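The structure appears below as structure tokens.
As structure tokens, this is what we get:
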């Protein structure tokens, strides 16, 4: 009995979805917006999505200038980073990069020797 009830509910949902899809397609055909009214079908690119202006900027800037890394911090370290970066007025990225630059300067000779060994 439960399976019959489930099937009838599933049929109702499918019917409603089909009605919605068909209605949406009809409305799209009838609606004539200024953006597409005078545009020939041959100019439209296949499989494109209209992106609002606010998103176009982020899409254009997605070209990465620097290598990226996804890091996981211990809770205490993350909390510290949040506070220290607020105090110093810099981003977490800038703070971590500054730490690495300072460490690289301190270990410059060691790294130079290591590179000589590795590169032969």
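Numbering (our numbering), first residue to last: 161 to 280.
Cβ atoms here follow ideal geometry from the backbone N, Cα and C, with glycine treated the same way.
Keep in mind the model is a prediction, meaning the values are calculated, not measured.
Do residue j and residue i have their beta-carbon atoms positioned less than 8 Å apart in this structure?
i           : j           : result
residue 245 : residue 255 : yes
Give every residue of the same chain whose Cβ lies closer than 8 Å to the Cβ of residue i, excluding the five residues on either side of it in the sequence, and list them in chain order.
i           : result
residue 250 : 258
Suppose the cutoff is 6 Å on Cβ atoms and the five residues either side in sequence are ignored; what does the same chain contact list for residue i look like?
i           : result
residue 252 : 241 and 245
residue 239 : none
Grab me the residues of residue i's own chain with a C-beta within less than 7 Å of its C-beta, minus the 5 sequence neighbours each way, in chain order.
i           : result
residue 263 : none
residue 233 : 241
residue 243 : none
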